[in-house]
Amino acid sequence: MVFSTLPPLYGVLIKTAWYLFKFELSEMGLGGFPALRRIGIVASGATELSATVILSEGEEKKVKAEDLVLIDNKGGNKVLAVCRGGEACNENLKTGSFSPGVAYAKIGRYPSNAKEFYAFGLTIIGDVTQGLQQNKTVIAPSSDVYVFEDEDDPMSYLGQGPYTIGHYKEHPSWKVPINERYIPYHIGVFGITGAGKSFLARYQIVPLLRKTGYDVLIFDWKGSDYAPYYPHVLEFSEIGLDDDTIVNYLTSKLDYFGYYSGDYKYRNPIKDALETVIYEGEWRNVPLNGLKEHLTREVLEVIRSDSLTKDGEISSYGRSMIRRFLKHMQRLDVKSLKNIRGELTPSKILEAAKNRGILVLDVSLSGKDEKLSVFLSIANYLKELMERREKLNLALLIDEGPQYCPFMPRGLEAETTEVISQLCALGRSYNLSITLLSQGIAGEIGINAAIRRNLNTQFIGKIHPLDMDEAGKLLGQLDIDPRFLVTMPDGYFYFLGKMNPSPIPLLISFEIDESKAPTETVGG
């Protein structure tokens, strides 16, 4: 267009109108994509997996970490990405050597900002030209970058399924879709105390599990995170234990009869005698006030009969075992005996969970060994069902995961860790989903590595500084700085893994409607 032949004022007005028209064209849409705000262009050095956007002037005040953007790639496609790793640059203020800019700063003045610019690293989610696909096209330098705002819905590029969990970052209308096929590939929720793990479980994960057809059995370690919020709760004393679990529980309560190392801790003649008595089952008909005396008498009889010499006398080794057994039997109190007299078998508990949809086991009033024993009893039953090739359509939610499968399991912990590993392996084929909640990811504050590898979907919230190394291994390669996780607000979680349709982690949050019970809230 030629403006020079027009009077000066008209030329200015027409030129202004022309540039405004061009700007409006850029805002009207991107070839079928919604109108978005342009925030900058791609810098040199981009690949098919990552890029850097140089922000337009003023955009540094608006664009934030984890904002979602659309790259109008000059290579011919549209690419969805997320802002990670912001950077502010000013050539005059580099500290590697003395410069005029440093001199200005030294005397309290400001150097020129002519060489100042702002940039954000972009982690690529995928090519969204025709549905979400892996981006295989190199992103061209100077490609325009546009940011999604509240009125937009970038989540639609990730899928249109019926199930969602929470919302993206600070955008309540951006419901995050999930791939429900991978629910039985198991879920891990990690975050320090107060990060919002139980809220995420109550208001998002449990309703999502129900909505997708799973009955939910919750193991409430403390009795305060779930039991007060659900109508159907079982107390520890109501739960029946199988024979093997009872033997392990009593052995643990009796301090392993003084055997503290080697195979004898878990396999010794006194435990064998106790096992014989428990398996016979007569003790189940004995009143509680006479149960300790009955067990003592019967176990002593087994030890004596197994320790007789050719002359019919008890061997010195047998007498030693009797003294050892009687000494440790004094530890057994009525409360401990009451805990093995529950009548609800694992099959009845599973039936109750299926009838009620959500069932909470409140094991808070018992010790650690009792809690692990209850879990073992139910877990072994579920394992038997799956070994018989029964589909379960059941989800286990295990609070305080490190109590069940710690970094270095000992005693009953070793058995619960092993059975959780077996449940994870079988669950993928028989619709058993396990959700583990833990304050830490790895090490002394985390869960066992063998179990962690089976949690194919993870929600990682605010972490403890001790977990920065493990978080770096999980997220560092995806341009998420572990320091960001240490300072992250409560109630925010990175969502990653099989259930996430995005190949990279997404930062999600969720709203809590306290006027509703958690059972009334459905995924999203």
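FYI, in the numbering used here the residues of the sequence shown are 1019 to 1542.
From the three backbone atoms N, C-alpha and C, an ideal C-beta is built for every residue, glycine too.
Check, Outcome
"Determine, using beta carbons only, whether LEU1390 and GLN1421 come nearer to each other than 9 Å.", "yes"
"Could you check if CYS1442 is buried or exposed, using at least 16 other CB atoms within 10 Å of its CB as the buried criterion?", "buried"
"Three-state secondary structure (DSSP) at ASP1487?", "helix"
"Starting from the C-beta of HIS1189, find all residues in its chain whose C-beta is less than 8 Å away, skip the five residues before and the five after it, and write them out in chain order.", "ASP1168"
"Identify whether ILE1125 lies in helix, strand or coil by the three-state DSSP scheme.", "coil"
"Quick one: Cα of ASP1162 to Cα of ILE1059, how far?", "5 Å"
"Let's see if you can read the secondary structure: which residues bound the alpha helix (DSSP H) around ASN1373?", "1364-1374"
"Which runs of the alpha helix (DSSP H) at least 4 residues long sit entirely within the stretch 1315-1401? Give them in chain order.", "1334-1347, 1352-1356, 1364-1374"
"Work out the CA separation of LEU1377 and TYR1010 for me, nearest whole Å.", "Residue 1010 falls outside the range modelled here, since the chain spans only 1019 to 1542, and no answer is possible."
"For ARG1322 and GLY1336, I'd like the C-alpha separation in whole angstroms.", "7 Å"
"Have a look at ILE1332 and LEU1292 and give me their C-alpha separation to the nearest angstrom.", "18 Å"
"So, for ARG1302: in the same chain, excluding its five sequence neighbours on each side, which residues have a beta-carbon less than 7 Å away from its beta-carbon?", "none"
"Rank SER1062, ALA1083, VAL1100, ILE1223 by C-alpha distance to the C-alpha of ILE1416 and give the top, closest one.", "ILE1223"
"I think VAL1097 touches VAL1165, with their Cβ atoms under 8 Å apart; what is that distance to the nearest whole Å?", "With 8 Å as the limit, VAL1097 and VAL1165 do not qualify as a contact, their Cβ atoms being about 14 Å apart."
"Between the C-alpha atoms of TYR1136 and ILE1057, what's the straight-line distance to the nearest angstrom?", "11 Å"
"Under 7 Å Cβ to Cβ from ASN1091, same chain only, skipping five residues before and after it: list those, please.", "VAL1097, THR1155, ILE1157, ALA1158, SER1161"
"Note down, in chain order, each residue of its chain lying with its Cβ closer than 6 Å to the Cβ of VAL1120, except the 5 sequence neighbours on either side.", "none"
"How close, in whole Å, do the beta carbons of LEU1150 and LEU1176 come, if the pair is a contact with beta carbons under 8 Å?", "6 Å"
"PRO1225 to GLU1408, Cα distance in whole Å?", "24 Å"
"Quick one, are the C-beta atoms of VAL1081 and TRP1239 less than 9 Å apart?", "no"
"Starting from VAL1194, trace the beta strand (DSSP E) both ways and give me its first and last residue.", "1189-1195"
"Taking 9 Å as the threshold (C-beta atoms), are GLY1103 and ASP1499 in contact?", "yes"
"Ends of the beta strand (DSSP E) at ARG1285?", "Counting along the chain, ARG1285 falls outside any beta strand (DSSP E), and DSSP gives it neither H nor E."
"From THR1065 to LEU1493, what does the alpha carbon distance come to, in whole angstroms?", "19 Å"
"Pick from LEU1414, LEU1383, GLN1152: whose alpha carbon is nearest that of LEU1394?", "LEU1414"
"Would you list the residues sitting across from SER1451 in a DSSP beta bridge?", "ALA1413"
"Specify the secondary structure class of GLY1206 as computed by DSSP and reduced to three states.", "strand"
"Which stretch, first to last residue, makes up the beta strand (DSSP E) that contains VAL1251?", "1251-1253"
"Using beta-carbon positions only, say whether ILE1196 and ASN1518 come within less than 9 Å of one another.", "yes"
"Pull up the distance between the alpha-carbon of VAL1437 and that of ASP1387, whole angstroms please.", "15 Å"
"Going by the CB atoms, is the gap between ARG1470 and GLY1206 shorter than 9 Å?", "yes"
"Look at the alpha carbon of GLU1431 and the alpha carbon of THR1294, and state the distance between them as a whole number of angstroms.", "23 Å"
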